[in-house]
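Quick note, the sequence shown lines up with residues 21 to 384 if you use the numbering used here. Everything below concerns the one structure shown next.
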Amino acid sequence: MKLLVKTKEKKYPIYFGANSYLKIKKILNENNIKPKKTMVIYDKKVPKKIISKFKAKLINNENIFIGIKFNEKIKNLNTVKKILDTLGKNNFNRNDCVISIGGGIAGDICSFASSVYKRGLKFVNIPSTLLSQVDSSIGGKTGVNNFLGKNMIGTFYQPNVVINDTIFLKSLPKREMICGYAEILKHSLISNKNFFIFLKNNFKDILNLKPQIIKKAIFNSCKIKKGIVEKDEKERNLRKTLNYGHTFAHAFESTLGYTNKLNHGEAVLLGILAASKFSNEENLLSKNELELIEKHISELKYNNLKFYFKKRNVDTILKFMKRDKKNNSKDINLILLQKIAKPVLNNTYSQFKIKKFISSLINN
Ligand SMILES: NC(=O)c1ccc[n+]([C@@H]2O[C@H](COP(=O)([O-])OP(=O)(O)OC[C@H]3O[C@@H](n4cnc5c(N)ncnc54)[C@H](O)[C@@H]3O)[C@@H](O)[C@H]2O)c1
C-alpha cells in the first residue's frame with residue numbers, strides 16, 4: 021500500500037506494510053535514488069535485530085551506520101553539526117542519501133541536516149514511533165530546539181521517501197504509543213468526526229497494536245496530514261490547524277525543561293484538552309462536544325494538569341506561549357475548534373485572558 025504526497029517542492033511516496041523497510045533497495049530504485057554513499061542514522065532504542073536486518077539489505081553500497089541516543093536535550097545544533105561534519109569528512113554529495121530510522125526527534129534532526137548539507141541531499145525517513153509514523157515524517161518540517169524553545173530553528177524540506185512499517189511499534193513502550201495516539205486524535209478533531217468516533221471506540225485496540233485497527237488508524241491519519249500539507253505546504257493558513265493544542269503543549273514541555281516527566285505527546289494531550297476547554301469558554305465548541313473530548317482524554321489518563329504544574333508555573337507557561345511562532349504581536353494566537361472537524365484559525369487573545377485561563381486549569 022502506498023500514498024503519494026504531492027507538494028510543490030517534491031512528490032514522494034509513503035510506503036505501508038509489515039517488513040516494507042526490508043525492501044529498501046527496491047524502494048530506492050523505484051524512486052530513482054541512486055546514492056554512491058548512504059548514511060543511516062538510527063535511534064539506539066530501535067531493536068538491534070531490526071538494524072542488523074536492514075544493514076544486510078544495504079550491503080552493496082558504501083554505507084555508514086551511526087547509532088544515537090535521541091532525546092529533546094540533544095535536539096540542537098550541536099547534534100546537527102556532528103552529522104554535517106561526518107557527511108563532510110566522508111565526502112557526501114547531493115546525490116548521496118541520509119536515512120533516518122527513529123522517532124520524531126531523529127527525523128527532525130536528520131531531515132534538517134539533510135536540507136542544509138550542500139543545500140540538500142536525498143533524505144529517506146523510516147519512522148519508528150507511532151507519532152513519527154502518523155505525523156512528523158510527513159510534510160517536510162525539519163528542525164531543532166534552542167534557548168527560545170521547541171523547533172525554533174528549521175527548514176521546510178520534504179523527504180524523498182517515507183517507509184511506514186508497524187514492525188517498529190512492537191518494541192515501543194506504551195507511553196510512547198499514547199504520544200502517537202495524541203496526534204492521531206488531533207487529526208481527527210480538526211478534520212473528521214467519524215474518524216474521532218472510530219478512535220473513541222477502538223483506542224484500546226490501537227494501543228495494543230491489533231493489526232487491522234492500527235493499520236486503519238495510521239493510514240487515515242497519514243491521509244489527513246497529507247491532504248493538509250498538499251493544500252498548504254508552508255503553513256500560511258490551513259496547515260496551522262495541525263497546531264491544535266500545540267501552543268499550550270509546547271509551553272508545557274518547555275516549562276518543565278523537556279523532562280521525562282512529560283513528553284511531547286503527553287503534553288499534546290494536555291494541550292488538546294486546554295484548547296478544547298478554551299474553545300468552549302469562547303462560545304465556539306459546544307458543551308456536548310467538549311464533554312466527548314474530555315471523556316475520551318480522561319480514558320487515556322492524561323487529563324490532569326495539576327499533576328504536572330503548580331500556580332508558580334503559570335507565568336513561565338505564558339512566557340513560552342508568547343514565544344510561539346504563530347504570534348505576530350503581544351497577543352497570543354490560538355487554533356480553536358468551532359466544532360469537531362471545524363477548526364478556527366487566527367484568533368488572538370490577550371496575555372491577561374490566557375493567564376487567567378491557565379490559572380483556572382491549575383487551580384480547579
Ligand atoms: N516535523 C514535524 O512535523 C513534527 C510533528 C510532530 C512532532 N514533531 C517532533 O517529534 C518529536 C517527538 O517525536 P517522538 O514522539 O517520535 O519522539 P522520540 O523521537 O523521542 O521517540 C520517543 C522515544 O521512543 C524511542 N524509540 C524510537 N523508536 C523506538 C522503537 N522502535 N522501539 C522502542 N523505542 C523507540 C526513542 O529513543 C525515544 O525514547 C518532538 O521533538 C516533536 O517536536 C515534529
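All C-beta atoms, glycine included, are put in the ideal place defined by N, C-alpha and C.
For residue i, count neighbouring C-beta atoms within 10 Å of its own C-beta (all shown protein chains included) and say buried if the count is 16 or more, exposed if not.
i, result
"residue 368", "exposed"
"residue 140", "exposed"
"residue 341", "buried"
"residue 21", "exposed"
"residue 153", "buried"
"residue 194", "exposed"
"residue 280", "exposed"
"residue 277", "exposed"
"residue 338", "buried"
"residue 231", "exposed"
"residue 248", "buried"
Return the chain-ordered list of same chain residues with a C-beta closer than 8 Å to the C-beta of residue i, the five sequence neighbours on each side being excluded.
i, result
"residue 96", "164, 165 and 166"
"residue 323", "289, 290, 293, 314 and 317"
"residue 235", "36 and 186"
"residue 349", "368"
"residue 358", "299, 304, 305 and 364"
Report whether the distance from the Cβ of residue i to the nearest heavy atom of ligand 1 is below 7 Å.
i, result
"residue 207", "no"
"residue 345", "no"
"residue 171", "yes"
"residue 199", "yes"
"residue 128", "yes"
"residue 385", "Only positions 21 to 384 of the chain appear in the structure, and residue 385 is not among them; the question remains open."
"residue 91", "yes"
"residue 192", "yes"
"residue 161", "yes"
"residue 95", "yes"
"residue 9", "An answer regarding residue 9 cannot be provided, because it is not within the stretch 21 to 384 covered by the chain."
"residue 46", "no"
"residue 65", "yes"
"residue 380", "no"
"residue 284", "yes"
"residue 185", "no"
"residue 122", "yes"
"residue 292", "no"
"residue 211", "no"
"residue 152", "yes"
"residue 196", "yes"
"residue 337", "no"
"residue 176", "no"
"residue 155", "yes"
Using a Cβ-Cβ cutoff of less than 6 Å, which residues in the same chain neighbour residue i once the five nearest sequence positions on both sides are dropped?
i, result
"residue 89", "64"
"residue 191", "67"
"residue 151", "124, 199, 200, 203 and 285"
"residue 197", "150 and 227"
"residue 344", "267"
"residue 207", "241 and 244"
"residue 25", "32 and 246"
"residue 99", "129"
"residue 137", "104 and 107"
"residue 183", "35, 40, 41 and 146"
"residue 238", "153 and 154"
"residue 210", "261, 264 and 363"
"residue 346", "353"
I'd like the list of long-range same chain contacts for residue i, defined as Cβ closer than 7 Å, with 5 residues on each side in sequence excluded.
i, result
"residue 300", "307 and 310"
"residue 287", "269, 272 and 273"
"residue 372", "none"
Of all the CB atoms in chain D, is at least one closer than 8 Å to the CB of residue i?
i, result
"residue 116", "Chain labels in this structure do not include chain D; a single protein chain is all it has."
### Task
Could you say if the stretch 95-110 and the stretch 46-59 meet the contact criterion of at least three C-beta pairs nearer than 8 Å?
yes
### Query
Does the count of Cβ pairs from the stretch 141-160 and the stretch 77-84 closer than 8 Å reach three?
no
### Query
Can you list, in chain order, the stretches of the alpha helix (DSSP H) that have 4 or more residues and sit fully within the stretch 29-97?
44-50 and 68-77
### Query
Residue ranges of each alpha helix (DSSP H) run of no fewer than 4 residues wholly in the stretch 177-243, ordered along the chain?
Whole alpha helix (DSSP H) segments, 4+ residues: 194-211 and 213-227.
### Message
For the stretch 175-189 against the stretch 35-44, do three or more pairs of beta-carbon atoms, one drawn from each stretch, fall closer than 8 Å, so that the two count as touching?
### Response
yes
### Message
I want to know whether the stretch 215-225 touches the stretch 167-177 - three or more CB-CB distances under 8 Å.
### Response
Contact between the stretch 215-225 and the stretch 167-177 is absent, because fewer than three Cβ pairs lie under 8 Å.
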